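Let me begin by presenting the structure, written as structure tokens, before commenting on it.
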Amino acid sequence: MTTATALPVTAPARIHPVWHGLTVLARLGVGLMFAYLSLMKLRDPVEFLKQIHVYNLAPTEPALLVNMLAVTLPWLELLCAAAVLLGVGRRGAALLIALMLLFFTPLILHRGLTLYHAPGASYASFCDVSFDCGCGTGVVFVCRKLAENCALLAGALYLIFARSRCLSLAALWLPRPPAPARAER
Amino acid sequence: MGASKSILLSAVLLIFAATAIGMAVNPFRGRSRIDLHRNYAPPKAVPVAPGLPTRPAVPAGATQPASEPGTSGASRTTPSAHVAHEFQELAYEEVAALLADPLTQIHMYIFLDARNDDAYRAGHIPGAIQCDYWRGDVPQVVDRAMAAEKIIVYCNGGACEDSLHVCRELLRYGVPQGNIYLYAHGWEEWVRRSAEIEQAQP
């Protein structure tokens, strides 16, 4: 007679409920915010294209490149938001969101600084600088926008590495991820 | 390794899906459609034509004594808080005088509103024609601009450059530089100082 005492080495590690909660919270925060911002951009892609030209984000020749950026980027944001909210392809979507934030946030900071140091500008502090950042929310105060982006970036980075599939559609059909192999004694 | 691969795969799939949806939907967006082959880059500044009337710099928000529209002053570079430009600039009093002029009624003086659809619908200078550079409206007003003696172009004011883009685009279509006037303080000043506001029909 043998007794099964040792756990299989591939048994999934238990995830503490706090991490489940945190993951769901991050998905809701990042997903809903990006869904809102993308819908605002999709409302009028021409205004978004205008902001791309203001930022000099892409070379103006060939025109097709920058125009396609304006056509596809809001949809990419919306799809990423949906993926994060539904929990399907969440980590890839979070990676794209993080990359977008890492690209756009320094541009917003740079533009804020440019306006702050512009000749004739009379702002009491850097946080008083406001402009249309092209984010879909119209005119915003730069500090608030930067803080918002940093919070979103933290959420997106967490979602890339989080292992919880709590309340995810993916949990319905995908196998549970294997836990790291345990050292046997 | 497997996890990294699946992350990259889902990222690539999302990019492909977004491109496909964006390209499929774009042609049906009406005035929000982006013409994929148009170069939207704002036109560059052109040299100032010699012999044009000039006017001095006007500080932002300052009032300017009423005078013969567009014919006073000495310097024509960076005349206001507006970005540097090469066009004759009008003060509020001059724009108001031109609006009241009978020549406006017979379209010898025309007003072009370079703001977007929402802003134009909410209110504009009476009789102003919407001419949004970003939506490709300029070619549609070229004939009227060619027939007019004065074309007054405005946008929001402040650092707004859309009116400047329209002015430069009109030049590209052959409208004489001397006929183009920029109301640089634009809508922000107009709405503050004038009761004459027209709203577009829904």
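Protein sequences, first through last, are from chains Y and S. Converting from the first sequence to our numbering requires adding 107 to each position, the first position being numbered 1. Converting from the second sequence to our numbering requires adding 2 to each position, the first position being numbered 1. We treat Cβ as the ideally placed atom computed from N, Cα and C, and that holds for glycine. Just so we're clear, the structure is a prediction, and the values are computed from it rather than from any experiment.
query, result
"Report the residue from D119(S), A86(S), F89(S), G129(S) whose alpha carbon sits nearest the alpha carbon of Q107(S).", "G129(S)"
"Taking Cβ positions, are L260(Y) and L208(Y) nearer each other than 8 Å?", "yes"
"Which partner residues of L114(S) appear in the DSSP bridge assignment?", "I131(S), V155(S)"
"In chain S, which residues lie with their C-beta within 8 Å of the C-beta of T244(Y)?", "Within chain S, no residue comes near T244(Y); the closest Cβ sits about 15 Å away, beyond 8 Å."
"Leaving out five residues before and five after Y175(S) in sequence, what residues of the same chain have Cβ atoms less than 6 Å from its Cβ?", "V144"
"Using a Cβ-Cβ cut-off of 6 Å (strictly less than) and excluding sequence neighbours within five positions of E70(S), which residues of its own chain qualify?", "Note that E70(S) scores a pLDDT of 41, beneath 50, so its modelled location is shaky; the value from the coordinates is reported in the next line. Counting only Cβ-Cβ distances below 6 Å, and skipping sequence neighbours, we find nothing."
"Got a sec: is the Cβ-Cβ distance from C273(Y) to anything in chain S below 8 Å?", "no"
"In chain order, what residues of the same chain lie with their CB nearer than 8 Å to the CB of G138(S), ignoring the 5 residues before and after it?", "D37, R40"
"The alpha helix (DSSP H) with S165(S) in it runs from where to where?", "164-174"
"Rounded to the nearest angstrom, what separates T79(S) and I215(Y) at their Cα positions?", "Because T79(S) carries a pLDDT of 35, less than 50, the predicted location of this residue cannot be relied on, and the following value inherits that uncertainty. So the alpha carbons of these two residues sit roughly 29 Å apart."
"With respect to the alpha helix (DSSP H) encompassing Y162(Y), which residues constitute its N-terminal and C-terminal limits?", "152-162"
"Count the other C-beta atoms from every protein chain shown that fall within 10 angstroms of the C-beta of I199(S), then say buried if there are 16 or more, exposed otherwise.", "exposed"
"Taking only beta-carbon positions, decide if L15(S) is within less than 8 Å of chain Y.", "yes"
"Just the chain S side, please: which residues come within less than 7 Å of K157(Y) by C-beta, in chain order?", "W136"
"Comparing the C-beta of T21(S) with each C-beta of chain Y, is any distance below 8 Å?", "yes"
"Counting only the same chain and skipping the five closest in sequence on each side, list residues whose C-beta sits under 7 Å from that of Y223(Y).", "Y230, F233, V236"
"If contacts are defined as beta-carbon pairs under 8 Å, then S271(Y) and W126(Y) qualify, I think. What distance do you get, rounded to the angstrom?", "5 Å"
"Between the Cα of S12(S) and those of R198(Y), L129(Y), L266(Y), H160(Y), spot the shortest distance and give me the residue it belongs to.", "R198(Y)"
"Q201(S) and I117(S) - do their beta-carbons sit closer together than 8 Å?", "A quick correction: the sequence has Arg, not Ile, at residue 117(S). Result no, Cβ atoms of R117(S) and Q201(S) do not sit closer than 8 Å."
"Per DSSP, what kind of secondary structure is F210(Y) in: helix, strand or coil?", "helix"
"Along the chain, where does the alpha helix (DSSP H) that runs through V236(Y) open and close?", "Per DSSP, V236(Y) belongs to no alpha helix (DSSP H) and is neither H nor E."
"Is there at least one Cβ from chain S nearer than 8 Å to R198(Y)'s Cβ?", "yes"
"Quick check on P152(Y) - is its C-beta less than 8 Å from some C-beta in chain S?", "yes"
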